[in-house]
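Engineer:
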Amino acid sequence: MKVTCIERTIKDVLGSDYYRIPRFQRPYSWEKEHVEDFLTDAIVENPGDYFIGSMVAFKYPDGTYGLVDGQQRLTTITMMLCALREAFDLQGESELAKGLHKLIERKDLDYKNRYILGTETSYPYLQEHIQKYGEPGTGAEMGDEEECLQDAFLQLQEYVESALGNVTRKRKTEAAKKKLATKKLTEMRDKILSLTLIFIALDDEDEAYLIFETLNTRGRDLRLQDLVKSRLTRLLKPTNRGVDLAKDKWVGLVERIESSEAEMKVDSFLHHFWLSKYQYVTVKKVFKALKRKVTGSNAHAFLTGLDEDSVLYREIHEPSFRKWTKQDGRMRGALNALNLFKVQQQIPMVLSVLREFRDGGLDRRHVIGVLQAIEKFHFVFTAVTSQRSSGGISFMYALHARELGRKSTKRDKVGVLSDLKTKLKDRIPPYGEFEANFQEITYSKSATKHRKLVQYILARLQEHHTKSAPVDYDFLTVEHISPQGSLRSATASIGQIGNLIGVSDELNQELGSKDFKAKKAMLSDAGVWLDDTLMKAPSWTSRQIEARTKALAKICYEVVWRIR
1439 MKVTCIERTI
1449 KDVLGSDYYR
1459 IPRFQRPYSW
1469 EKEHVEDFLT
1479 DAIVENPGDY
1489 FIGSMVAFKY
1499 PDGTYGLVDG
1509 QQRLTTITMM
1519 LCALREAFDL
1529 QGESELAKGL
1539 HKLIERKDLD
1549 YKNRYILGTE
1559 TSYPYLQEHI
1569 QKYGEPGTGA
1579 EMGDEEECLQ
1589 DAFLQLQEYV
1599 ESALGNVTRK
1609 RKTEAAKKKL
1619 ATKKLTEMRD
1629 KILSLTLIFI
1639 ALDDEDEAYL
1649 IFETLNTRGR
1659 DLRLQDLVKS
1669 RLTRLLKPTN
1679 RGVDLAKDKW
1689 VGLVERIESS
1699 EAEMKVDSFL
1709 HHFWLSKYQY
1719 VTVKKVFKAL
1729 KRKVTGSNAH
1739 AFLTGLDEDS
1749 VLYREIHEPS
1759 FRKWTKQDGR
1769 MRGALNALNL
1779 FKVQQQIPMV
1789 LSVLREFRDG
1799 GLDRRHVIGV
1809 LQAIEKFHFV
1819 FTAVTSQRSS
1829 GGISFMYALH
1839 ARELGRKSTK
1849 RDKVGVLSDL
1859 KTKLKDRIPP
1869 YGEFEANFQE
1879 ITYSKSATKH
1889 RKLVQYILAR
1899 LQEHHTKSAP
1909 VDYDFLTVEH
1919 ISPQGSLRSA
1929 TASIGQIGNL
1939 IGVSDELNQE
1949 LGSKDFKAKK
1959 AMLSDAGVWL
1969 DDTLMKAPSW
1979 TSRQIEARTK
1989 ALAKICYEVV
1999 WRIR
């Protein structure tokens, strides 16, 4: 590997060559504090010739340099020069603006205008809305990277404007203000251009991939998705100049994850995908394991698997993303419940199960059975008793996820599911702990924390006892049998599950503030399931509410949420 190192100023860097941000690089991601740190180092505390570290690049056949390390800094520097160029122009210093623009855009050997810094991921936003001299071009789609660029550029513009305001505020004449403003802009320009760095040049792109992985694996801003992208794009080269299927597939799966309303992260997806198929490792060790596993011979299949499973991953977190058949309604219900419980440990297993269902390895009834078992476990373990996991549960799920994929027959796969159900049963907390915590679940006008959980519990009780289709608990209205405020001496019991029942909004309006006897008759006529405690009660007091709460806890634990 041939590596050359030379000390250069930013003026030399931008004035002599063209640069491109390669396909494997991470998008621009600097936030406010990063830009503030840059401005402090580059301008406020820069006495001249301030050293900003290294920049690693390799040379393309056309002479353009591909940036391996330093693209965030060079992009920010380019935007700062654009902000200064605009400020010069506003001061009427068009020659100074045009002179500075030569370090942003200039003619190449074919005498065609070309931006000195080129990028693919943020095209055309960076070029048309920041680098372009004059009015911006046509609108560009705004993704996460474009928003970061927009925010950073606005911050740089505001910094320049504030700096000019500080030096011209006390000057009365426009001529004096202009003179001082031009001087300040020139000082800031010169400080930026005098920044020095060590420019490290490599022979070719393959060496650059290795350097990129080394630098970023050891860096503090590590993102798993950048390293995995680097690995895959290194192994899967474009078939020709205009076709880059690997990049297109990667961009598609990232967009699929990041555009979800469920706030998913690509790094989490990669970790859960890995755990669903390969050995159990922490997220920080995934890339090291992946480099050993993914080679040129299987990189395409690995990327295809990621792409296909990203659809399932989004469906797990955002069930509405998929059009479920009526037969699959209970799958959707289980996924919605797990999202309500805010649990993540089961995701590798759920991903493996849905993958098998998609590929024909499992029948619908087995998928519904295991998803409902996982749902029931986390209702008791997580939603009600709030147990802490030592990590053993995550390991258990990942182990069964891998085993499921390794089995070759449906019979053996079903055996893995049965084994998981047994393991889940063994981890269920004792009834006494469940009952005590169940009594703490309340809902009222002044205590709304458990509203969704209460709706879910009431809906599941109704479904189980009436054998009805899955109830969308989001549209279920919670009716207080004894109206809120009626039992003044026992306000705590008013919100307990024992005083609550799920009804339609229409029925809720009809019930109004009717007395207990009338409400019970109307509920029965409407086909709402009424438990024995409620049916046999002659009146409704705090004692009956507490008794019904305990009775429902027993029904929930021993019947409805029992894993079979």
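Numbering (our numbering), first residue to last: 1439 to 2002. We put the CB at the ideal spot given by N, CA and C, even for glycine.
Answer yes if the segment 1628-1645 comes into contact with the segment 1486-1502, meaning at least three C-beta pairs across the two stretches below 8 angstroms, and no otherwise.
Structural biologist: Yes, since at least three Cβ pairs between the segment 1486-1502 and the segment 1628-1645 fall closer than 8 angstroms, the two stretches touch.
Engineer: Under a Cβ-count criterion, where at least 16 other Cβ atoms within 10 Å of its own Cβ denotes burial, should residue 1520 be classed as buried or exposed?
Structural biologist: As a working note, residue 1520 is residue 82 in the sequence shown. Classification of residue 1520: buried, given that the 10 Å Cβ count is 16 or more.
Engineer: Can you tell me the Cβ-Cβ gap for residue 1505 and residue 1542, rounded? I've got them flagged as a contact below 8 angstroms.
Structural biologist: The count along the sequence shown starts at 1 and reaches residue 1505 at position 67. The count along the sequence shown starts at 1 and reaches residue 1542 at position 104. The pair is not a contact, with the Cβ atoms about 16 angstroms apart (cut-off 8 angstroms).
Engineer: Name the two residues that bound the continuous beta strand (DSSP E) containing residue 1491.
Structural biologist: Working through the sequence shown from its first residue, we reach residue 1491 at position 53. Counting along the chain, the beta strand (DSSP E) containing residue 1491 begins and ends at 1489-1497.
Engineer: Does the Cβ-Cβ distance between residue 1710 and residue 1831 come in under 7 angstroms?
Structural biologist: As a position in the sequence shown, residue 1710 is number 272, starting the count at 1. As a position in the sequence shown, residue 1831 is number 393, starting the count at 1. No, the Cβ-Cβ distance between residue 1710 and residue 1831 is not below 7 angstroms.
Engineer: Can you tell me the Cβ-Cβ gap for residue 1594 and residue 1447, rounded? I've got them flagged as a contact below 8 angstroms.
Structural biologist: As a first step, residue 1594 must be located in the sequence shown, where it is residue number 156. As a first step, residue 1447 must be located in the sequence shown, where it is residue number 9. About 20 angstroms separates the two Cβ atoms, so there is no contact after all.
Engineer: Where does the unbroken beta strand (DSSP E) through residue 1573 begin, and where does it stop?
Structural biologist: Residue 1573 sits at position 135 when you count from the first residue of the sequence shown. From DSSP, residue 1573 is part of no beta strand (DSSP E); its letter is neither H nor E.
Engineer: Assuming residue 1882 and residue 1933 are in contact, meaning their beta carbons sit under 8 angstroms apart, how far apart are those beta carbons, in whole angstroms?
Structural biologist: As a working mapping, residue 1882 is identified with position 444 in the sequence shown. As a working mapping, residue 1933 is identified with position 495 in the sequence shown. Right, their Cβ atoms sit about 4 angstroms apart.
Engineer: Report yes if the CB atom of residue 1900 is closer than 7 angstroms to the CB atom of residue 1936, and no otherwise.
Structural biologist: As a first step, residue 1900 must be located in the sequence shown, where it is residue number 462. As a first step, residue 1936 must be located in the sequence shown, where it is residue number 498. Contact flag unset, no.
Engineer: Please say whether residue 1670 and residue 1750 have beta carbons closer to each other than 7 angstroms?
Structural biologist: On the sequence shown, residue 1750 is found 312 positions in, with the first residue counted as 1. On the sequence shown, residue 1670 is found 232 positions in, with the first residue counted as 1. Taking 7 angstroms as the Cβ cut-off, residue 1750 and residue 1670 do not qualify as a contacting pair.
Engineer: Determine the DSSP secondary structure at residue 1568, reduced to helix, strand or coil.
Structural biologist: Numbered from 1 along the sequence shown, position 130 holds the residue referred to as residue 1568. It is helical.
Engineer: Which one of 1722, 1716, 1747 and 1721 has the shortest CA to CA distance from residue 1732?
Structural biologist: Along the sequence shown, one-based indexing puts residue 1732 at 294. Of the listed residues, the one whose Cα sits closest to residue 1732 is 1716.
Engineer: Only counting the same chain, and skipping five residues up and downstream in sequence, which positions put a Cβ closer than 8 angstroms to that of residue 1843?
Structural biologist: Locating residue 1843 in the sequence shown gives position 405, where the first residue counts as 1. For residue 1843, where only same-chain residues beyond five positions count, the Cβ hits under 8 angstroms are 1714, 1715, 1790, 1793 and 1794.
Engineer: Counting beta carbon pairs with one atom in the segment 1817-1828 and one in the segment 1773-1784, are three or more of them shorter than 8 angstroms?
Structural biologist: The segment 1773-1784 is in contact with the segment 1817-1828.
Engineer: Taking three-plus beta-carbon pairs below 8 angstroms as touching, is the segment 1467-1476 in contact with the segment 1521-1533?
Structural biologist: Too few Cβ pairs lie closer than 8 angstroms, so no.
Engineer: Have a look at residue 1582 and residue 1707 and give me their C-alpha separation to the nearest angstrom.
Structural biologist: Residue numbering aside, residue 1582 sits at position 144 when the sequence shown is read from its first letter. Residue numbering aside, residue 1707 sits at position 269 when the sequence shown is read from its first letter. Between residue 1582 and residue 1707, the C-alpha separation is close to 18 angstroms.
Engineer: For the alpha helix (DSSP H) that residue 1958 lies in, which residues bound it at each end?
Structural biologist: Taking the sequence shown and counting its residues from 1, one reaches residue 1958 at position 520. Residues 1954-1963.
Engineer: Tell whether a beta-carbon distance below 7 angstroms holds between residue 1949 and residue 1955.
Structural biologist: Counting from one through the sequence shown, the residue named residue 1949 turns up at place 511. Counting from one through the sequence shown, the residue named residue 1955 turns up at place 517. Taking 7 angstroms as the Cβ cut-off, residue 1949 and residue 1955 do not qualify as a contacting pair.
Engineer: What does DSSP give as the partner residue(s) for residue 1445 in the beta ladder?
Structural biologist: Here the question's residue 1445 lines up with position 7 in the sequence shown. Note: residue 1445 sits in a beta bridge opposite 1636.
Engineer: Mind checking which residues open and close the beta strand (DSSP E) that includes residue 1458?
Structural biologist: In the sequence shown, the residue the question calls residue 1458 occupies position 20. Residue 1458 -> beta strand (DSSP E) spans 1457-1459.
Engineer: At what residues does the beta strand (DSSP E) containing residue 1540 begin and finish?
Structural biologist: Your numbering for residue 1540 matches position 102 in the sequence shown. Here residue 1540 belongs to no beta strand (DSSP E), and DSSP marks it neither H nor E.
Engineer: Any idea what DSSP makes of residue 1557, helix, strand or coil?
Structural biologist: For the purposes of this step, residue 1557 is taken as the residue at position 119 of the sequence shown. Strand.
Engineer: What's the C-alpha gap between residue 1602 and residue 1633?
Structural biologist: Locating residue 1602 in the sequence shown gives position 164, counting from the first residue. Locating residue 1633 in the sequence shown gives position 195, counting from the first residue. Roughly 21 angstroms between the two C-alpha positions.
Engineer: Per DSSP, residue 1880 is paired with what?
Structural biologist: Taking the first residue of the sequence shown as position 1, residue 1880 is located at position 442. Bridge partners of residue 1880: 1934.
Engineer: Quick one: give me the first and last residue of the beta strand (DSSP E) that residue 1503 is part of.
Structural biologist: The residue given as residue 1503 occupies position 65 in the sequence shown. That run of the beta strand (DSSP E) goes 1503-1507.
Engineer: If residue 1836 sits next to residue 1718, beta carbons under 8 angstroms apart, how far is it from one beta carbon to the other, in whole angstroms?
Structural biologist: Locating residue 1836 in the sequence shown gives position 398, counting from the first residue. Locating residue 1718 in the sequence shown gives position 280, counting from the first residue. Indeed, because the Cβ distance is near 5 angstroms, the residues count as touching under 8 angstroms.
Engineer: Which class does residue 1545 belong to by DSSP, given the choice of helix, strand or coil?
Structural biologist: Position 107 of the sequence shown, counting from 1, holds the residue named residue 1545. Three-state result, residue 1545: strand.
Engineer: Would you mind sorting residue 1485 into buried or exposed? The rule is 16 or more other CB atoms within 10 Å of its CB.
Structural biologist: Locating residue 1485 in the sequence shown gives position 47, counting from the first residue. Flag for residue 1485 reads exposed.
Engineer: Taking the DSSP output, what are the residues bridged to residue 1885?
Structural biologist: The count along the sequence shown starts at 1 and reaches residue 1885 at position 447. According to DSSP, residue 1885 bridges with 1882.
Engineer: Please return the same chain residues whose Cβ sits closer than 8 angstroms to the Cβ of residue 1873, not counting the five positions on each side in sequence.
Structural biologist: Here residue 1873 is taken as the residue at index 435 of the sequence shown, counted from 1. Taken in chain order, the residues that qualify are 1988, 1991, 1992 and 1995.
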